[in-house]
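Data block below; observations after.
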Amino acid sequence: MAKAKALPARSCPVAAFQKMISGKYKLRIVWDLKDGPRRYGEIRSGLLRGTSGSAEITPRVLSRELKALTMSGLIDRKDFGEVPPKVEYRLTRKGKSFVPVVAAIREWGERNLGEASAFADAAE
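UniProt numbering puts the first residue of the sequence shown at 1, with every later residue one more than the last.
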């Protein structure tokens, strides 16, 4: 009797997606880049908008998130080779196709998280 060939393990698309976007800032970075290319400082200041009471993002964390997004193919990093360094980040085609997903998450949050915070306030 011939042995059956083992099929390659297939990863769950939801798990792969979750791993790709895991991190505190990745979705917000993609959302910020939807309007066009940004430099590091512009991305950092964009992440600080509307974050009352939260700690400021450290350069190390932002660099790690940007590198992960670049490795996943959602953003592209362009180094202009200048002194002082000038680097720009922009969405790739894959990243642009992801913007509607982030928009849907944002819309869901606007519709439903207001209710959740009202419920939490009522429970106290």
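For glycine and all other residues, C-beta sits at the position ideal for the given N, C-alpha and C.
The structure displayed is predicted, hence computed values, not measured ones.
- Burial check for residue 65: the Cβ neighbour count within 10 Å reaches 16 or more, so the residue is buried.
- As for any alpha helix (DSSP H) of minimum length 4 sitting wholly inside the stretch 31-101, the runs are 40-48 and 59-71, ordered along the chain.
- CA-CA distance, residue 28 to residue 47, rounds to 7 Å.
- In this structure, the straight-line span from the alpha carbon of residue 37 to that of residue 93 is close to 13 Å.
- For residue 19, the uninterrupted alpha helix (DSSP H) segment begins and ends at 13-21.
- By the 16-neighbour rule on beta-carbons within 10 angstroms, residue 78 is exposed.
- Across the set 15, 68 and 90, the C-alpha of 68 shows the shortest separation from the C-alpha of residue 25.
- Taking C-alpha positions only, residue 14 is separated from residue 58 by approximately 29 Å.
- For residue 24, the secondary structure class from DSSP, reduced to helix, strand or coil, is coil.
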